[in-house]
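Shown next, in structure tokens, is the structure this report addresses.
Number of protein chains: 2
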Amino acid sequence: MAMMPRLTAVLDRLDRHLPQTLETLKDFLRFPSIGTDPAHHADCRATAEWMKRHLEALGFTAALHDTTGQPVVLGELVQPGLPAAAPHVLFYGHYDVQPVDPLALWTHPPFAPTLVKGEDGRERLYARGAADDKGQLMTFLAAVAAWRAEGGILPFRLTVLIEGDEEGDSHHLERFVAAHAKTLKPDICFICDTGLWDDDTPLICTSLRGCIADEVTITGPRIDLHSGYYGGPAANPLHALSAALAALHDKNGRVTIPGFYDGIAKLTPRRRKELQALRFNTRKYLGDVGLKIPAGERGYTALEQIWLRPTAEVNGMTGGYTGEGSKTVLPSKASAKLTFRLVAGQNPALIRKNFRAFIKAQLPRDCTVTFDNQTHDNHAVLLSSDSPWIAAAARALKDEWGRKPVIGGEGGSIPVAGAFARHLKADSLLMGFSRASDAVHSPDEKYDVDCFHRGARSWARLIAALAEGVSS
Amino acid sequence: MAMMPRLTAVLDRLDRHLPQTLETLKDFLRFPSIGTDPAHHADCRATAEWMKRHLEALGFTAALHDTTGQPVVLGELVQPGLPAAAPHVLFYGHYDVQPVDPLALWTHPPFAPTLVKGEDGRERLYARGAADDKGQLMTFLAAVAAWRAEGGILPFRLTVLIEGDEEGDSHHLERFVAAHAKTLKPDICFICDTGLWDDDTPLICTSLRGCIADEVTITGPRIDLHSGYYGGPAANPLHALSAALAALHDKNGRVTIPGFYDGIAKLTPRRRKELQALRFNTRKYLGDVGLKIPAGERGYTALEQIWLRPTAEVNGMTGGYTGEGSKTVLPSKASAKLTFRLVAGQNPALIRKNFRAFIKAQLPRDCTVTFDNQTHDNHAVLLSSDSPWIAAAARALKDEWGRKPVIGGEGGSIPVAGAFARHLKADSLLMGFSRASDAVHSPDEKYDVDCFHRGARSWARLIAALAEGVSS
Numbered sequence: 001m002a003m004m005p006r007l008t009a010v011l012d013r014l015d016r017h018l019p020q021t022l023e024t025l026k027d028f029l030r031f032p033s034i035g036t037d038p039a040h041h042a043d044c045r046a047t048a049e050w051m052k053r054h055l056e057a058l059g060f061t062a063a064l065h066d067t068t069g070q071p072v073v074l075g076e077l078v079q080p081g082l083p084a085a086a087p088h089v090l091f092y093g094h095y096d097v098q099p100v101d102p103l104a105l106w107t108h109p110p111f112a113p114t115l116v117k118g119e120d121g122r123e124r125l126y127a128r129g130a131a132d133d134k135g136q137l138m139t140f141l142a143a144v145a146a147w148r149a150e151g152g153i154l155p156f157r158l159t160v161l162i163e164g165d166e167e168g169d170s171h172h173l174e175r176f177v178a179a180h181a182k183t184l185k186p187d188i189c190f191i192c193d194t195g196l197w198d199d200d201t202p203l204i205c206t207s208l209r210g211c212i213a214d215e216v217t218i219t220g221p222r223i224d225l226h227s228g229y230y231g232g233p234a235a236n237p238l239h240a241l242s243a244a245l246a247a248l249h250d251k252n253g254r255v256t257i258p259g260f261y262d263g264i265a266k267l268t269p270r271r272r273k274e275l276q277a278l279r280f281n282t283r284k285y286l287g288d289v290g291l292k293i294p295a296g297e298r299g300y301t302a303l304e305q306i307w308l309r310p311t312a313e314v315n316g317m318t319g320g321y322t323g324e325g326s327k328t329v330l331p332s333k334a335s336a337k338l339t340f341r342l343v344a345g346q347n348p349a350l351i352r353k354n355f356r357a358f359i360k361a362q363l364p365r366d367c368t369v370t371f372d373n374q375t376h377d378n379h380a381v382l383l384s385s386d387s388p389w390i391a392a393a394a395r396a397l398k399d400e401w402g403r404k405p406v407i408g409g410e411g412g413s414i415p416v417a418g419a420f421a422r423h424l425k426a427d428s429l430l431m432g433f434s435r436a437s438d439a440v441h442s443p444d445e446k447y448d449v450d451c452f453h454r455g456a457r458s459w460a461r462l463i464a465a466l467a468e469g470v471s472s
Numbered sequence: 001m002a003m004m005p006r007l008t009a010v011l012d013r014l015d016r017h018l019p020q021t022l023e024t025l026k027d028f029l030r031f032p033s034i035g036t037d038p039a040h041h042a043d044c045r046a047t048a049e050w051m052k053r054h055l056e057a058l059g060f061t062a063a064l065h066d067t068t069g070q071p072v073v074l075g076e077l078v079q080p081g082l083p084a085a086a087p088h089v090l091f092y093g094h095y096d097v098q099p100v101d102p103l104a105l106w107t108h109p110p111f112a113p114t115l116v117k118g119e120d121g122r123e124r125l126y127a128r129g130a131a132d133d134k135g136q137l138m139t140f141l142a143a144v145a146a147w148r149a150e151g152g153i154l155p156f157r158l159t160v161l162i163e164g165d166e167e168g169d170s171h172h173l174e175r176f177v178a179a180h181a182k183t184l185k186p187d188i189c190f191i192c193d194t195g196l197w198d199d200d201t202p203l204i205c206t207s208l209r210g211c212i213a214d215e216v217t218i219t220g221p222r223i224d225l226h227s228g229y230y231g232g233p234a235a236n237p238l239h240a241l242s243a244a245l246a247a248l249h250d251k252n253g254r255v256t257i258p259g260f261y262d263g264i265a266k267l268t269p270r271r272r273k274e275l276q277a278l279r280f281n282t283r284k285y286l287g288d289v290g291l292k293i294p295a296g297e298r299g300y301t302a303l304e305q306i307w308l309r310p311t312a313e314v315n316g317m318t319g320g321y322t323g324e325g326s327k328t329v330l331p332s333k334a335s336a337k338l339t340f341r342l343v344a345g346q347n348p349a350l351i352r353k354n355f356r357a358f359i360k361a362q363l364p365r366d367c368t369v370t371f372d373n374q375t376h377d378n379h380a381v382l383l384s385s386d387s388p389w390i391a392a393a394a395r396a397l398k399d400e401w402g403r404k405p406v407i408g409g410e411g412g413s414i415p416v417a418g419a420f421a422r423h424l425k426a427d428s429l430l431m432g433f434s435r436a437s438d439a440v441h442s443p444d445e446k447y448d449v450d451c452f453h454r455g456a457r458s459w460a461r462l463i464a465a466l467a468e469g470v471s472s
């Protein structure tokens with residue numbers, strides 16, 4: 001088998017080189033790569049170019065691939081000594097980041113990465129994308145770099161795929177994966193875009209919620225009206241929209257769209273017990289964001305809701321006059337953006353269809369409605385938890401963090417895991433090192449330096465565990 | 001009595017000088033005097049300065065008066081020959097205009113007044129404020145100018161008050177009126193800010209709805225959240241706001257705020273018959289703005305609703321992500337702007353209080369709410385329809401338009417009429433010449449040139465009727 005360095009040497013190197021590794025990450029974070037905003041598409045390409053050069057410097061052959069969205073960076077690690085029988089790993093990450101508004105709420109500029117030592121002595125790196133996903137994906141590349149710098153050859157063939165549409169329309173990547181299915185063809189995918197279980201306990205993720213997005217625009221009168229001349233007799237689309245959205249949930253927090261819960265497996269008493277054993281701290285989870293009282297579907301714990309139950313959430317709403325002062329207008333249009341988090345068993349296309357029919361049924365006869373969805377339907381994913389890859393990862397994580405990882409779920413959607421399963425017939429190993437306090441998608445996103453560092457060390461341990469497994 | 005020119009000579013002069021009078025109006029319309037927008041406060045002052053110079057050119061002594069809002073222009077016509085016993089008329093208008101957004105929907109730039117001859121041969125002046133209220137107030141000043149140019153002295157002492165906060169916080173003017181009550185002290189107020197009954201029938205307005213404005217901001221989590229990590233267990237302020245606003249009306253279109261209808265006199269069968277006799281064309285009224293089906297309070301005709309029934313209207317709403325593309329955010333805040341049109345008998349302060357309590361009662365326990373109102377409470381006004389001023393105006397309007405004016409109401413609010421009644425103990429004569437098609441408060445606001453011209457001629461006839469009445 002390929003040359004295997006001593007693990008302790010690799011870990012020492014990661015420790016020693018942490019400052020330089022952080023500087024490289026900061027370079028990566030300076031790109032305002034907001035994939036969903038056309039104004040930042042050139043920035044996305046520049047980010048991809050940077051990643052290509054970075055991979056080349058690590059010993060990859062790398063190239064940018066145009067897609068229907070932002071470019072994908074694909075790199076293949078050059079390892080001449082690798083046996084042909086070595087398994088093929090596809091590592092996945094994304095260089096695009098969420099929009100930054102409201103910008104006024106950021107303490108540090110989102111694209112000027114800033115290291116801050118807190119009163120607890122812990123260093124944090126503040127920037128949009130610090131955790132999601134630039135910082136996380138760099139933990140893996142740092143481990144690969146250290147392994148190779150100590151003279152090692154990885155115990156697997158490695159392809160790295162870094163995309164730029166994770167926060168937007170995942171259909172772009174899905175099309176790319178489908179088109180490249182034959183050449184990609186991995187034995188396993190590694191995805192580093194998830195969080196820790198708690199501040200000090202790692203998590204391997206085996207269930208992911210899917211997600212569909214939709215946008216509703218309701219039109220009443222053909223022009224904005226004076227609320228004095230028309231207030232009363234004229235249908236107000238803001239009223240119609242409010243009423244339709246209010247009707248989406250019943251008083252028990254259940255979604256009222258017909259057929260919404262069809263196909264979902266009943267939560268077994270055993271799984272409920274397992275989840276209960278995790279002693280998820282709902283009070284802290286809500287308290288961290290200024291809340292106290294669990295909302296959502298009655299009859300399910302917060303953890304059950306996030307991992308295993310679907311939702312309908314309004315993400316944005318606008319209509320009429322929203323500027324300074326007041327304006328006595330009765331607007332022509334009102335609109336809302338929504339996302340639905342879906343779980344295994346639900347049919348995304350059917351849910352979209354039923355949602356649209358539901359909204360139409362709520363409207364006063366004098367209002368019309370149009371729908372617009374920028375995001376492709378993403379199926380939810382349930383992974384097999386008895387995979388040997390997961391066993392190796394569990395061992396590596398336990399060695400690094402001193403605790404057995406939780407085998408759990410993830411409320412957010414990682415559509416690519418669904419795409420890998422569908423088009424590459426490959427399972428995914430999802431492990432990541434983000435903390436709940438990272439303010440992912442919010443102002444002042446950050447990544448704790450110890451998470452970044454221990455993340456890299458965890459990947460190094462996994463590489464070592466896999467090398468041992470192969471050589472033993 | 002003061003010298004009285006022949007009415008025909010005054011009307012001829014108005015006809016001959018129409019082009020110059022329109023040029024002067026266009027100068028007035030070029031000022032972007034959006035009173036509610038701090039970015040336009042300097043423009044408001046410049047507009048007031050222009051009006052001061054205009055009044056001086058017409059023979060007034062005029063001055064700007066600072067207020068808690070935009071400056072008021074106060075002018076006193078210098079008429080040395082006027083008997084001391086002559087009545088005192090206070091003419092009121094406003095130079096401020098509504099905001100112009102959505103700007104993209106304007107065919108002509110809002111502050112580059114454009115005369116367009118339609119296919120019907122009718123000329124229209126397009127500009128923000130063309131009708132509301134710059135064009136309308138200039139009908140009166142044009143009549144005064146023509147009367148004096150023909151050597152006449154007005155049969156009354158004339159004070160002109162032109163303000164800049166009509167579209168915003170009327171409290172500014174109310175304070176000014178209260179502070180100047182002793183010096184103003186008119187026998188009657190003339191207000192030119194209302195519309196025609198239909199395209200060819202004038203209207204004298206004897207009932208006005210009041211108006212209060214409020215703004216609701218609901219806060220859920222203290223920061224924006226990822227809808228995957230928190231969707232479900234975390235309270236979403238957009239859901240809370242939608243539900244609270246949806247609850248404002250019952251299925252019969254009645255406002256559900258406790259006590260909302262208290263104090264309103266029952267509509268008498270006689271008044272209903274009078275209104276019915278007006279044959280208000282609800283179909284055309286709604287059809288003009290792309291609607292078909294009367295909304296609002298069941299059991300009341302559209303005309304009854306506009307003139308005599310109160311409303312609660314959402315004027316604007318915003319929260320979460322409203323930019324390009326989608327963002328899977330669960331927002332921290334959501335807000336809505338509302339106005340309530342009130343009728344005689346309702347108590348604005350109590351309604352605001354009850355509205356706020358109502359919203360609080362609708363909220364999930366984990367949401368907080370703040371309120372902000374930029375507009376002072378405006379009482380509704382009911383005027384006595386047997387005033388001799390109204391009789392003279394009715395005669396003048398009939399002579400100009402060839403039809404008896406409708407004695408009616410007005411759905412919009414003219415808070416100053418309430419302030420004049422309260423602080424000056426003076427009734428108001430409300431006549432105006434705006435058409436329903438004028439797109440007041442909307443993109444492409446316009447004023448028909450024939451309305452402007454016949455409006456000026458109507459005022460000249462009223463001056464003549466009053467002069468006759470005094471001299472006979």
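Residue numbers (the numbering used here), protein chains in the order written: chain A, 1 to 472; chain B, 1 to 472. Don't be surprised by glycine CBs; every beta carbon is placed ideally from N, CA and C. All values derive from a computational prediction rather than experimental measurement.
- Counting along the chain, no alpha helix (DSSP H) covers A:Met-317; the unbroken beta strand (DSSP E) around it starts and ends at 311 to 320.
- Taking a 10 Å sphere around the C-beta of B:Ala-127, we find 16 or more other C-beta atoms and assign the residue as buried.
- Flagged as an interface residue toward chain A: B:Gln-98, by a C-beta distance shorter than 8 angstroms.
- For B:Tyr-126, the enclosing beta strand (DSSP E) covers residues 123 to 126.
- Chain-ordered listing is empty here: chain A has no CB closer than 9 angstroms to the CB of B:Thr-67, the nearest sitting near 16 angstroms.
- The beta carbon of B:Lys-404 does not come within 8 angstroms of any beta carbon belonging to chain A, so the residue lies off that interface.
- The beta carbon of B:Tyr-230 sits closer than 8 angstroms to some beta carbon of chain A.
- Look at A:Thr-368 here: in three-state DSSP terms it is strand.
- The beta carbon of A:Ala-419 sits no closer than 8 angstroms to any beta carbon of chain B.
- At a cut-off of 8 angstroms between beta carbons, B:Leu-238 contacts chain A.
- Contact between B:Lys-353 and A:Asp-366 is ruled out by a C-beta separation of about 33 angstroms, above the 8 angstroms threshold.
- With a minimum length of 3 residues, the unbroken runs of beta strand (DSSP E) contained wholly in the region 380 to 442 of chain A fall at 406 to 410, 428 to 431.
- For A:Cys-44, the enclosing alpha helix (DSSP H) has its first and last residue at 41 to 57.
- Straight across, the Cα-Cα distance linking B:Arg-53 with B:Ala-62 is about 8 angstroms.
- According to the DSSP assignment, A:Lys-327 belongs to no beta strand (DSSP E), since it is labelled neither H nor E.
- Residue-level contact check: B:Ile-351 does not touch chain A, since none of the beta carbons of chain A fall below 8 angstroms from its beta carbon.
- Here DSSP, grouped into helix, strand and coil, assigns A:His-108 to coil.
- Only Thr-36, Asp-37, Pro-38 from the region 7 to 40 of chain B bring a Cβ to less than 7 angstroms from some Cβ of chain A.
- Listed in chain order, the positions of the region 294 to 306 of chain A with a beta carbon within less than 7 angstroms of a beta carbon of chain B are Pro-294, Ala-295, Gly-296, Glu-297, Ala-302, Gln-305, Ile-306.
- By the Cβ neighbour-count rule, A:Ala-464 is buried, with 16 or more other Cβ atoms within 10 Å of its own.
- With respect to the 8 angstroms criterion, A:Phe-60 and A:Thr-47 are not classified as neighbours on the basis of their beta carbons.
- By the rule that beta-carbons nearer than 8 angstroms mark a contact, A:Leu-245 touches chain B.
- Excluding sequence positions up to five before and after A:Ala-419, its CB lies within less than 8 angstroms of the CB of Ser-170, Leu-173, Glu-174, Val-177, Ala-178, all in the same chain and listed in chain order.
- Counting only the Cα atoms, B:Ala-396 lies some 31 angstroms from B:Lys-182.
- Under the Cβ distance rule, A:His-441 counts among the residues neighbouring chain B, one pair being separated by less than 8 angstroms.
- Rounded to the nearest angstrom, the Cβ distance from A:Ala-243 to A:Gln-362 is 6 angstroms, consistent with a contact under 8 angstroms.
- If the five residues before and after B:Leu-382 are omitted, its C-beta is found closer than 6 angstroms to the C-beta atoms of Ser-207, Ala-344, all from its own chain and listed in chain order.
- Contact annotation, A:Pro-186 with A:Leu-462: C-beta distance approximately 16 angstroms; criterion of less than 8 angstroms not satisfied.
- Proximity to B:Arg-124 across B:Asp-448, B:His-453, B:Ala-456 peaks at B:Asp-448, based on C-alpha coordinates.
- The C-beta of A:Tyr-126 comes no closer than 8 angstroms to any C-beta of chain B.
- Interface criterion met: the Cβ of B:Cys-211 is under 8 angstroms from a Cβ in chain A.
- The beta carbon of B:Arg-395 sits no closer than 8 angstroms to any beta carbon of chain A.
- When DSSP reads this structure, B:Phe-340 sits in a beta bridge with B:Ile-212, B:Ala-312.
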